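What the sequence shown shows, in my numbering, is residues 1 to 644, in sequence order.
Cβ atoms here follow ideal geometry from the backbone N, Cα and C, with glycine treated the same way.
Note that the structure is predicted; figures quoted are calculated from it, not measured.
Heads up, the thing below is written out as C-alpha cells.
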Amino acid sequence: MMALIEIKDLIKEYRINDNKSQQVLKGLSFSMNHGEFIAIVGESGSGKSTLLNIIGGLDSDYKGSVKIGGKNLKDFNFKELDDYRKLNIGFIFQSFNLIPTYTVMENILAPSDMTTMPDKIKKEKASKLLSRLGLKGYEDKMPSSLSGGEKQRVAIARALMNDPDIILADEPTGALDKNNAENIVTLLKSIAAEGKLVVVVTHSQKVANQCDRIIRLEYGTISHDSGMAVKNNPENKEKAGKISSKRLGIIHSFLIAYKNIRKNKLRNVLVSLGTGIGIFSVVALLFLSRGIGNYVTNQMYSQTNPLLVEVTKVSDNANRRFLNFTQLEPFSDAEIKQLSEIPGVASVEKGCIITGSTSLFFNDSNENIAMLSTIYKDFSPDLKEGSLPESGQIIISESLANSIGKDYASIIGKEITLKIENNNSQSVVNEKTYTISGIIESDGSPASRLKTGYVNFADITTEQNTPPINILYLTASSQKDVDFIKSDIKRFGFNVNSRDSALNRIISFINTVTIGLTGIAAVSLVVSGIMILVVLFISVVERTKEIGILRAIGARASDIKSIFISEGALLGLGSGIIGVFIAVIISAIANRILYRITGTQLIAINLPNIFTGILISVGISILASLIPATKASGLEPVESLRHE
C-alpha cells in the first residue's frame, strides 16, 4: 500500500559563499503514513527543522524526491505548493506564530479564509475546535493576553482548521512548562489516533518516548528509526465537506490591511495627514477653477438669454453687398426659413448691423458712428444713464456720449439725427431724428470703447429701403436644444455669434492656468506617494514573519501582494477624505468672506471634484504600494519565518 509520504535520497545544502557549501541532509530515505505519531530527534544542526520545512513545502531547494501520496513535490508549481500547504499541511511552531493583530477566532479561521468552505461551516468548525481545545470563551481575545499553553492550543486549532492529512509540529513543547507540554503531547497523540500523520521535531526524549515512532538524525543522516507503526490507512475515505483552494478575497485583504493600519495608528494618521494636504491643494484649485469658470459664464450670459443663439453669415464677395456691412452677408428669405425650421427653435428675430456708414448730428457737432446695430427683445446692457430705447429712440455708447457732451444727464432726452449712407454711391439710404434714451457703460474692453448706437429694427426700415437682415436671433425651446441648434447652424454653413468662442477661450485659459497650478500642487502628491512607499517598505520589514506565517498556512504570493496594495488603497482613501474635508471647510469659509466683500462666491464646492480628489489620492497610494507589495510577495516563506 502506498505510503502517505515517501522520501528518497533527500539532500539539502546551504551555500556559505561562492566556493563553499554545507550539506545538512545527506541522502535521507524513509516513508511515513496516516495515523503515525512520529518524533524526529537530534542535536541542534542535525537537520530536523530543515526536513520539516521540505516536507511542508516551505523549502524547494533540495535534491532527491519527496512524494506526497505518490506525487513528487518537485513537480508542484508555486500555486500547487501554496494549495498543498493550505489543504494538506497543518503547521505548529515552537514560537506559536500567531498573527498578533488577529483575535483568537480570526487566527483559527485564517487558513479557511483562503478556501471555498462556507462561512457558516467555518464558524461552526472553529467553535468546535475551541471547545475541544479548552478555549471556549477566548474567541475575541488577542494573542498578547494568552499564556504559552493557550497560544499553542490556538496554533493547533489553526493547524486543524482545514482538516489536513499531515500535522508538522516544530518543537511544540519547547516554550511550555511541564503541565502544558504534557497536555499538548496528549492532544497531538489523539490527533494521530484519528488517522492523521503527526510529525514532531523535538529535543525532548520524554516527548519522543510518547510517540509511536522515533527517527533520530545525526549529522544529516538517519542514525536510528524505530520503524513504521501499523496503522489503519484512511486515504480512501471521503472527507466530509471537501473544500478547495481559492485566493484571499478582496474583503479579507482589506480587513487584514485595516488591522495592520490600526496597529500603527499614529504613524499612519500622520502619513494620511501629509498626503491629505497635497490633496487639499489640488481639490481647492479645482473648486476655484470651477467657481471662476461659473462666474465668468454667468457674467457673459447675464446680459442675454441663455436660450438665445445669434447667427451671422460671412460675406465672400464684397461687391454683392448693398451697404458696407463689415463682412456680414445678408440672409435670404429661404435661409431665414431654413433656420427657423431647425428642431427646437421657438422663434426667430431679425436684426441688422451697419458699420462705417452712419453719421450722427447733434447741435453743431458731427460724429461718425463705428457701428449701428438694431436691438432685440433680450437686449440688456449695463446702463450708465437712462433707459433702453423705445420706438424713435436711440441708446449710445459711453465713448460716443463723451464725444458729443460730458454731462450725461443733459444728453438724455436730446434729439440727434442719424444719416445712413451707401458707401458705393454716397447716397443717403436713411435719415431720421432720434431721441437719446440712455448711455451704455463701458467695461474697458476694446469693443466697448467704440462709438456705437443701438435702435429698434423698425426705426431704420422705410418703404423705400429695408435694411439687409445680416444677423438673426434664434430662441431655443429649452436649454437642452441649444447645442443641437448650434450644431445645425454650423452644418448649414452659418456662424454662431462669437460670444461662445470668446467664453470658450476664457474658460480654456482658466483651465490652462488651473492645470499649471495643479501641476505645482501635484509635487506635494509625489512627496506624499514617496512617504507611503517608505511606510509600506518599513511595514514589510516589520511584518516579515507575519508574511511567513501567512505563506505557511497557504497564502499565495498574490494574496500577500493584495494585502499590501489594499493597505496602500486604505491609506490613500484616508488621505483623500482628510484632504477633501480640509478643502471643503476652508473653501466654505473663504466663500463667506468673499461674499461679504464682493457679493459673490468664487469657489464652487461640488461632488465631482470631491470624488476626483479622493480618486487621485487612492490612485497615487496604490501606485506607491506596488513596489513594497511586490517585495513582500516575493519573500521566501522559510526565510520569513526565521525573521525576528
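Given a threshold of 16 other Cβ atoms within 10 Å of its Cβ, counted over all protein chains shown, does residue i qualify as buried or as exposed?
i: residue 651; result: Since the first residue shown for the chain is 1 and the last is 644, residue 651 is missing from the structure and cannot be characterised.
i: residue 32; result: buried
i: residue 312; result: buried
i: residue 539; result: buried
i: residue 608; result: exposed
i: residue 387; result: exposed
i: residue 434; result: buried
i: residue 281; result: buried
i: residue 239; result: In this prediction, residue 239 scores a pLDDT of 47, lower than 50, which makes its location untrustworthy; the coordinate-derived value is nonetheless stated afterwards. Exposed, by the Cβ-count rule.
i: residue 543; result: buried
i: residue 171; result: buried
i: residue 287; result: buried
i: residue 615; result: exposed
i: residue 642; result: exposed
Based on Cα-Cα distance, which residue from the options lies nearest to residue i?
i: residue 515; options: 366, 334, 314 and 283; result: 283
i: residue 152; options: 184, 413, 160 and 163; result: 184
i: residue 254; options: 578, 573 and 160; result: 573
i: residue 417; options: 428, 217 and 409; result: 428
i: residue 637; options: 289, 78 and 181; result: 78
i: residue 176; options: 639, 419 and 150; result: 150
i: residue 244; options: 147, 286, 369 and 85; result: 85
i: residue 337; options: 215, 295, 492 and 197; result: 492
i: residue 634; options: 587, 403, 567 and 547; result: 547
i: residue 249; options: 570, 566 and 551; result: 566
i: residue 472; options: 256, 339 and 144; result: 339
i: residue 264; options: 101, 579 and 124; result: 101
i: residue 279; options: 522, 35, 2 and 191; result: 522
i: residue 242; options: 24, 161 and 480; result: 161
i: residue 594; options: 159, 291 and 115; result: 291
May I ask you to check if the CB of residue i is nearer than 6 angstroms to at least one heavy atom of the ligand FMN?
i: residue 467; result: What this structure holds is no ligand at all, so the ligand FMN is not there to describe.
Taking residue i as part of the alpha helix (DSSP H), name the residues at either end of that continuous run.
i: residue 105; result: 104 to 109
i: residue 78; result: 78 to 87
i: residue 481; result: 479 to 491
i: residue 621; result: 607 to 633
i: residue 639; result: 637 to 642
i: residue 310; result: No alpha helix (DSSP H) holds residue 310; the beta strand (DSSP E) holding it covers 308 to 312.
i: residue 604; result: Where residue 604 is concerned, there is no enclosing alpha helix (DSSP H), given that its DSSP letter is neither H nor E.
i: residue 410; result: 408 to 411
i: residue 404; result: 398 to 404
Output yes or no for whether 7 angstroms exceeds the beta carbon distance between residue i and residue j.
i: residue 211; j: residue 91; result: no
i: residue 226; j: residue 213; result: yes
i: residue 430; j: residue 465; result: yes
i: residue 122; j: residue 112; result: yes
i: residue 351; j: residue 485; result: no
i: residue 518; j: residue 135; result: no
i: residue 450; j: residue 370; result: yes
i: residue 52; j: residue 200; result: no
i: residue 67; j: residue 6; result: yes
i: residue 537; j: residue 446; result: no
i: residue 603; j: residue 587; result: yes
i: residue 310; j: residue 497; result: yes
i: residue 453; j: residue 372; result: yes
i: residue 579; j: residue 613; result: yes
Along the chain, where does the beta strand (DSSP E) that runs through residue i open and close?
i: residue 260; result: It is not in any beta strand (DSSP E) - residue 260 instead sits in the alpha helix (DSSP H) that spans 250 to 263.
i: residue 201; result: 197 to 202
i: residue 247; result: That residue, residue 247, is in no beta strand (DSSP E); it is neither H nor E in DSSP.
i: residue 50; result: Segment 48 to 55 is the alpha helix (DSSP H) holding residue 50; no beta strand (DSSP E) there.
i: residue 205; result: Counting along the chain, residue 205 falls outside any beta strand (DSSP E), though it belongs to the alpha helix (DSSP H) covering 205 to 209.
i: residue 21; result: 20 to 32
i: residue 14; result: 5 to 17
i: residue 218; result: 213 to 218
i: residue 223; result: 221 to 225
i: residue 497; result: Element bounds for residue 497: n/a, residue is neither H nor E.
i: residue 415; result: 415 to 422
i: residue 63; result: 63 to 68
Every unbroken alpha helix (DSSP H) inside the segment 130 to 191 [4 residues or more]: 148 to 160
Entirely enclosed beta strand (DSSP E) segments - the segment 517 to 601, minimum 3 residues: none
Whole beta strand (DSSP E) elements within the segment 333 to 388, 3-residue minimum: 345 to 351, 353 to 362, 365 to 374 and 383 to 386
Ranges of the alpha helix (DSSP H) found wholly within the segment 446 to 470, counting only runs of at least 4: none
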